[in-house]
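Single-structure report; data block below.
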Amino acid sequence: MTLTGNPPLGAARIALADNASIRAAHLLRRAGFTPTRAEIDRAVERGYEATVDELLHPEARPDLEIEDLIRRYHVDQNSLMLLESSQGYWMYRIINSQRPLEEKMALFWHGLFATAYGKLNHAKAVVNQTHTFRRHGLGKFADILVELSRDPAMIFWLDNKDNHRDSPNENYGRELLELFSMGIGNYTEADVKAAARAFTGWTIDNTEYMSIRASRDSFWPYGRIDWQFRYREDDHDDTEKTFLGHTGPLSGHDVIDIIVQQPATAHYIAGKLYNFFVSDRPDEEAIGIMADEFIRTDGDIRAVMRRMFLSDFFADEAVRLGRVKSPAELVGGTARLAGSHQSPEWTISNLAMDVNFMGQEILNPPTVEGWHTGMEWIDTGNLVERINAAGAEMRDTARPGVRAIIERVKTRGNRLEPRPLAEACLDAMGMFEVSDGTMNSLVALAAPWGEVRFDRDDTVACAEERVVEMLQLIVASREYQLA
Amino acid sequence: MTTTATATFSYSHTVGFLAYRGRGFIHPVDLTLGDGGVMYVLNRGGAESVGRLELKRVCVCTADEGYIGEWGTGGTEDGQFWWPSAIAQDGDGRLYVSDESLQRVNVFSPDGEFIRQWGETGDGPGQINRPADIAFAPDGTLLVSDGMNHRIQRFTVDGEYLGGWGSYGAQAGQFNTPWRLACDARGNVFVADWRNDRVQAFTPEGRFVGQWGVSGDGKGQLNRPSSLAVDDDGYIYVADWGNERVQIFAPDGEVAAILLGDATTSSWAEDYLAANPDEQRARREADLAPAVNPWRDHHRETSAGVEARFWGPTAVNLDDEGRIYIVDSCRHRVQIYRKSS
Numbered sequence: 001m002t003l004t005g006n007p008p009l010g011a012a013r014i015a016l017a018d019n020a021s022i023r024a025a026h027l028l029r030r031a032g033f034t035p036t037r038a039e040i041d042r043a044v045e046r047g048y049e050a051t052v053d054e055l056l057h058p059e060a061r062p063d064l065e066i067e068d069l070i071r072r073y074h075v076d077q078n079s080l081m082l083l084e085s086s087q088g089y090w091m092y093r094i095i096n097s098q099r100p101l102e103e104k105m106a107l108f109w110h111g112l113f114a115t116a117y118g119k120l121n122h123a124k125a126v127v128n129q130t131h132t133f134r135r136h137g138l139g140k141f142a143d144i145l146v147e148l149s150r151d152p153a154m155i156f157w158l159d160n161k162d163n164h165r166d167s168p169n170e171n172y173g174r175e176l177l178e179l180f181s182m183g184i185g186n187y188t189e190a191d192v193k194a195a196a197r198a199f200t201g202w203t204i205d206n207t208e209y210m211s212i213r214a215s216r217d218s219f220w221p222y223g224r225i226d227w228q229f230r231y232r233e234d235d236h237d238d239t240e241k242t243f244l245g246h247t248g249p250l251s252g253h254d255v256i257d258i259i260v261q262q263p264a265t266a267h268y269i270a271g272k273l274y275n276f277f278v279s280d281r282p283d284e285e286a287i288g289i290m291a292d293e294f295i296r297t298d299g300d301i302r303a304v305m306r307r308m309f310l311s312d313f314f315a316d317e318a319v320r321l322g323r324v325k326s327p328a329e330l331v332g333g334t335a336r337l338a339g340s341h342q343s344p345e346w347t348i349s350n351l352a353m354d355v356n357f358m359g360q361e362i363l364n365p366p367t368v369e370g371w372h373t374g375m376e377w378i379d380t381g382n383l384v385e386r387i388n389a390a391g392a393e394m395r396d397t398a399r400p401g402v403r404a405i406i407e408r409v410k411t412r413g414n415r416l417e418p419r420p421l422a423e424a425c426l427d428a429m430g431m432f433e434v435s436d437g438t439m440n441s442l443v444a445l446a447a448p449w450g451e452v453r454f455d456r457d458d459t460v461a462c463a464e465e466r467v468v469e470m471l472q473l474i475v476a477s478r479e480y481q482l483a
Numbered sequence: 001m002t003t004t005a006t007a008t009f010s011y012s013h014t015v016g017f018l019a020y021r022g023r024g025f026i027h028p029v030d031l032t033l034g035d036g037g038v039m040y041v042l043n044r045g046g047a048e049s050v051g052r053l054e055l056k057r058v059c060v061c062t063a064d065e066g067y068i069g070e071w072g073t074g075g076t077e078d079g080q081f082w083w084p085s086a087i088a089q090d091g092d093g094r095l096y097v098s099d100e101s102l103q104r105v106n107v108f109s110p111d112g113e114f115i116r117q118w119g120e121t122g123d124g125p126g127q128i129n130r131p132a133d134i135a136f137a138p139d140g141t142l143l144v145s146d147g148m149n150h151r152i153q154r155f156t157v158d159g160e161y162l163g164g165w166g167s168y169g170a171q172a173g174q175f176n177t178p179w180r181l182a183c184d185a186r187g188n189v190f191v192a193d194w195r196n197d198r199v200q201a202f203t204p205e206g207r208f209v210g211q212w213g214v215s216g217d218g219k220g221q222l223n224r225p226s227s228l229a230v231d232d233d234g235y236i237y238v239a240d241w242g243n244e245r246v247q248i249f250a251p252d253g254e255v256a257a258i259l260l261g262d263a264t265t266s267s268w269a270e271d272y273l274a275a276n277p278d279e280q281r282a283r284r285e286a287d288l289a290p291a292v293n294p295w296r297d298h299h300r301e302t303s304a305g306v307e308a309r310f311w312g313p314t315a316v317n318l319d320d321e322g323r324i325y326i327v328d329s330c331r332h333r334v335q336i337y338r339k340s341s
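Respectively, the protein sequence lines represent chains X and E. Per the numbering used here, residue 1 is the first one in the first sequence, and the count goes up by one each step. Per the numbering used here, residue 1 is the first one in the second sequence, and the count goes up by one each step.
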């Protein structure tokens with residue numbers, strides 16, 4: 001299997017649905033995690049633009065409705081003390097949230113502002129940071145940066161607790177500019193020093209005790225203690241500074257306001273959003289359109305996302321199925337599609353482990369630069385992991401999502417020949433475009449079966465097993481590994 | 001200390017320490033009290049991954065912090081635990097542990113030797129789906145809070161089905177994912193009707209008697225009550241799990257006390273700190289009750305930030321000396337209070 005090539009499906013793209021359905025499926029894949037066929041139908045019925053606006057306002061829908069059940073049955077996901085428990089908790093959110101874009105934005109910001117358990121030894125602190133991304137991820141970029149600068153996990157991660165008036169630590173100030181907002185080459189070393197001084201005094205309570213505990217991974221005597229942001233005015237350098245041409249007794253808030261006004265920031269964030277939501281291959285014209293929207297709206301991420309989702313470049317056939325799903329997208333999305341883990345099951349930690357094995361340890365990214373995405377998600381070893389994990393999710397005919405797919409397939413006829421069966425399965429999964437190569441493989445799988453019959457009591461069970469076999473081959477296809 | 005006209009409730013001490021094995025607890029969810037102040041503390045452990053299964057165990061200790069030993073481990077074989085949910089002791093000292101993943105009740109000798117198990121998955125009479133709690137009635141029968149079947153069932157100690165009541169819903173006598181239950185001396189049954197945010201009371205035969213609690217975090221209101229206990233004076237102790245507190249209702253139904261948690265370091269914890277003097281010194285200098293930045297679920301966030309508070313109270317037990325034992329599941333300890341009349 002090869003996932004390279006542009007466009008990925010080539011000229012032999014077979015369309016199995018109308019344009020509205022294809023476009024809705026594309027939107028929901030990018031703004032969420034593998035939509036079900038029913039969700040695609042609903043989006044078509046609602047209309048594309050209305051669906052975009054609904055996605056952009058997650059607060060209008062209820063928060064995770066099984067949160068209490070998760071905490072009850074997984075006491076370890078109530079304390080969130082252990083990394084794997086916390087990863088399992090995020091998988092529940094990806095699978096069950098009715099706010100898919102909120103979850104996707106959390107994953108985006110988590111990748112950009114990558115903060116890792118490995119140094120903190122405090123999983124709940126990283127989970128709390130992702131909650132901050134859920135609350136503010138579609139808001140003004142300035143607000144996001146303020147919240148990030150106040151976030152205890154970030155303060156610990158980039159040593160701002162060690163950033164004092166009389167002995168500045170530049171780590172946070174440097175990454176704020178280099179990785180979180182503007183990108184290298186758009187500021188000077190003096191700007192880094194000024195930014196660091198502006199954030200002196202932004203710290204957490206009980207710095208020494210919490211530092212000792214983190215450094216020796218001590219959860220004794222009674223588990224982790226949540227870190228609390230504290231602004232210490234007496235440790236803040238309120239003297240004059242010059243930052244990106246602005247001079248005064250600049251505070252952290254002032255520095256953020258200046259950062260957000262920079263065209264470099266608009267371009268940098270637009271580029272990151274484009275890469276995550278549109279295509280692994282940069283398109284400077286498209287990024288420019290998004291950057292202009294960022295500037296026009298004073299860094300309103302919701303507005304930039306809206307402009308992106310409604311653009312021609314987002315609708316372009318060349319970008320559809322042109323992104324490799326991240327492991328969290330693949331595993332969480334397939335579980336959504338299969339309808340697994342809609343209530344607490346101990347196997348949730350297996351899903352989290354699958355994501356780890358595929359190279360994406362959520363809540364524990366490898367470095368402050370986050371993950372290398374796109375084709376770098378794929379190598380021989382983890383491609384096998386991806387296919388096996390996705391196939392395992394589709395294996396059980398009793399799972400509500402698999403059941404819904406089977407029932408939808410049946411509506412295409414009681415007796416299905418190989419090609420109609422393959423088309424019915426693809427359609428029921430919301431996969432409306434495949435290459436002729438993939439179609440040939442699916443038909444070849446079904447060829448020995450001849451006609452699959454749902455119309456006789458003695459053949460229904462066998463027919464449903466055939467459907468499941470087909471679903472398992474579909475999730476192994478190149479198209480399914482892409483979004 | 002909280003005082004009512006007739007009773008005083010005051011913090012006594014804390015038993016426990018976070019430990020994967022040996023002297024301490026890891027995500028304890030329930031306990032039962034044996035003779036001589038012995039506590040059998042049931043530990044649910046961590047995620048169900050390789051290397052974490054051995055965390056699931058029963059720790060045997062005393063209310064005055066004596067460590068006796070431990071038994072049990074995670075797994076699916078006879079006598080092993082997957083999602084252990086509750087522990088109870090019969091009149092002969094045998095210990096019963098329910099498991100809401102393996103859908104069974106394991107029976108052990110007082111020393112932890114496996115004797116037998118029973119339980120069948122399903123929603124028919126006598127079948128169980130996520131047994132959340134087990135408790136002995138005064139007549140020696142075993143009541144099971146059948147969580148995902150939204151009902152209470154009664155069995156003999158050998159698992160023979162004797163009857164049951166309840167169905168899914170919010171009407172009187174119905175349940176939504178009930179958690180723990182308790183019996184008073186007369187055999188009346190009290191149920192923490194978890195997702196209905198209320199407590200219900202029944203006669204020994206299962207006839208509805210009354211209910212109290214409405215959703216909320218105000219005085220007398222409940223948010224996902226997990227457990228309850230009833231004393232001989234008629235006081236009812238409710239672990240108000242979602243509000244991270246214990247509410248004590250007087251016999252007249254008024255709130256007699258609200259406990260938020262007052263944990264101090266146990267002697268086991270003090271031993272650890274003494275062996276790590278730099279950590280001990282930094283801890284002494286730290287403010288362990290800092291102002292918490294609230295954002296969503298402020299009760300839980302406060303508990304996560306203030307170590308002395310209850311965090312996930314999952315069980316309330318009483319002894320005959322007026323002591324109240326509260327299992328503090330996310331803090332790996334038991335907080336003990338005392339009632340004085």
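Backbone N, C-alpha and C define an ideal beta-carbon position, used for all residues, glycine too. Source: prediction; values computed, not measured.
Taking all protein chains in view, the Cβ of MET431(X) is crowded by 16 or more other Cβ atoms within 10 Å, so the residue is classified as buried. With a cut-off of 8 angstroms on Cβ pairs, the region 437 to 454 of chain X is in contact with the region 420 to 428 of chain X, counting three or more such pairs. For ASP254(X), no CB of chain E lies under 7 angstroms from its own CB, so it is not counted at the interface with that chain. Beta-bridge pairing by DSSP links TRP212(E) to VAL199(E).
With the criterion set as a beta carbon lying under 8 angstroms from some beta carbon of chain X, the members of the region 209 to 239 of chain E are ARG224, SER226, in sequence order.
Judged by pairs of C-beta atoms under 8 angstroms, the region 248 to 265 of chain E does not touch the region 470 to 480 of chain X, as fewer than three such pairs exist. Comparing alpha carbon positions, the residue from HIS267(X), ALA25(X), GLN342(X), ARG13(X) closest to ASN96(X) is GLN342(X).
By the 16-neighbour rule on beta-carbons within 10 angstroms, GLU48(E) is buried. Closer than 8 angstroms at the C-beta level to chain X, one finds these residues of the region 283 to 298 of chain E: ARG283, GLU285, ALA286, ASP287, LEU288, PRO290, ALA291, VAL292, ASN293, TRP295, ARG296. At a Cβ-Cβ threshold of 7 angstroms, GLY305(E) and GLN87(X) do not count as neighbours. By the criterion of at least three beta-carbon pairs nearer than 8 angstroms, the region 143 to 160 of chain X is in contact with the region 199 to 210 of chain X. When C-beta distances to chain E are compared with 9 angstroms, the residues of the region 107 to 135 of chain X below that value are LYS124, ASN128, HIS131, THR132, ARG135, in chain order.
Bridge partners of ILE236(E) according to DSSP: VAL230(E), PHE249(E). Contact annotation: in the region 57 to 86 of chain E, residues whose CB is within less than 8 angstroms of a CB in chain X are TRP82, TRP83. With 16 or more neighbouring CB atoms inside 10 Å of its own CB, ILE258(X) falls in the buried class. In this model, ARG151(E) and THR141(E) are separated by some 16 angstroms (Cα to Cα). Between PRO58(X) and LEU101(X), the gap from beta carbon to beta carbon is short of 7 angstroms. Scanning chain E for C-beta atoms nearer than 8 angstroms to the C-beta of VAL75(X) yields HIS27, VAL29, ARG44, GLY312, THR314, SER329, CYS330, reported in chain order. In the DSSP annotation of this structure, the continuous segment of the alpha helix (DSSP H) that includes VAL44(X) starts and ends at 37 to 46. Annotated as proximal: GLY75(E) and LEU53(E), with beta-carbon spacing under 7 angstroms.
The alpha-carbon of ASP90(E) is positioned some 7 angstroms away from that of PHE136(E).
Per DSSP, the beta-bridge partners of THR203(X) are ARG230(X).
For ARG333(E), the nearest beta carbon of chain X is closer than 7 angstroms to its own beta carbon. The beta carbon of LYS339(E) is closer than 8 angstroms to those of ALA7, THR8, PHE9, ASP231, TYR235, GLY322, ARG323, ILE324 in its chain, skipping five residues each way along the sequence. Cβ-Cβ distances below 8 angstroms link ARG195(E) to ASN176, THR177, ARG224 in the same chain, with the five nearest sequence neighbours on each side left out; the list follows chain order. When DSSP states are grouped into helix, strand and coil, ILE26(E) belongs to the coil group. Within the model, the alpha-carbon separation for ALA289(E) versus LEU145(X) is close to 28 angstroms. Chain order gives the chain E residues near GLU208(X) as ALA282, GLU285, ALA286, where near means a beta carbon separation below 8 angstroms.
For the region 128 to 161 of chain E, there are no residues whose beta carbon sits under 7 angstroms from a beta carbon of chain X. As DSSP reads the structure, ILE152(E) sits in a beta bridge with SER145(E), TRP165(E). Judged by pairs of C-beta atoms under 8 angstroms, the region 26 to 38 of chain E touches the region 59 to 70 of chain E, as three or more such pairs exist.
Excluding residues up to 5 positions away in sequence, GLY187 lie with their Cβ nearer than 6 angstroms to the Cβ of PRO138(E) in the same chain.
Where PRO131(E) is concerned, there is no enclosing alpha helix (DSSP H), although the beta strand (DSSP E) around it starts and stops at 131 to 136. Contact with chain X is absent for GLY22(E), since none of that chain's Cβ atoms lies less than 7 angstroms from the residue's Cβ. Using beta-carbon distances, ILE212(X) counts as an interface residue toward chain E, with a partner under 7 angstroms. With fewer than 16 other CB atoms across the displayed protein chains lying within 10 angstroms of its CB, LEU162(E) is exposed.
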